[in-house]
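Everything on this sheet refers to the single structure shown next.
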Amino acid sequence: MNIGRFSHTASVLPNGKVLVTGGYDAFSAMNSTELYDPSIGTWQMTSYMNYARGSHSASVLKNGNVFVAGGLDRIGLSTSELYESSQINQ
-9 MNIGRFSHTA
1 SVLPNGKVLV
11 TGGYDAFSAM
21 NSTELYDPSI
31 GTWQMTSYMN
41 YARGSHSASV
51 LKNGNVFVAG
61 GLDRIGLSTS
71 ELYESSQINQ
């Protein structure tokens, strides 16, 4: 990974790549996301989430989109975000 993190999520996409979202660094929740391509062993920074979050959930939907919800950033979050497969499967 480009950025060390814990309490993040890692979602295996239909194309075999792995989307890593949020989590915490040593000090606070993060809004960064990264995409891992196991076929070539590389990490790529992707778009930022609207809200920093850790200890959240992420689910790959049937259409390949990834739904990210809840978690913490000093307080519990009631927000969610949707990553469209057309944007993350590049």
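Sequential numbering from -9 applies to the sequence shown in our numbering.
C-beta: ideal position from N, C-alpha, C; glycine also.
SER18, buried or exposed, once every other Cβ within 10 Å from all chains shown has been counted against 16:
Classification of SER18: exposed, given that the 10 Å Cβ count is below 16.
Thinking C-beta only, is GLU24 closer than 8 Å to THR32?
Contact flag unset, no.
CB-CB under 8 Å to ASN40, same chain, minus the five flanking residues each way: which ones, in chain order?
If the five residues before and after ASN40 are omitted, its C-beta is found closer than 8 Å to the C-beta atoms of ASN21, THR69, GLU71, all from its own chain and listed in chain order.
Taking only runs of the beta strand (DSSP E) that begin and end inside the stretch -5 to 77, which ones reach a length of at least 3 residues, in chain order?
Within the stretch -5 to 77, the runs of beta strand (DSSP E) at least 3 residues long that lie entirely inside it are, in chain order, -1 to 2, 8 to 11, 23 to 27, 32 to 35, 47 to 50, 56 to 59, 70 to 73.
Could you tell me whether the Cβ atoms of ARG(-5) and GLY13 are closer together than 8 Å?
The answer is yes: Cβ separation under 8 Å.
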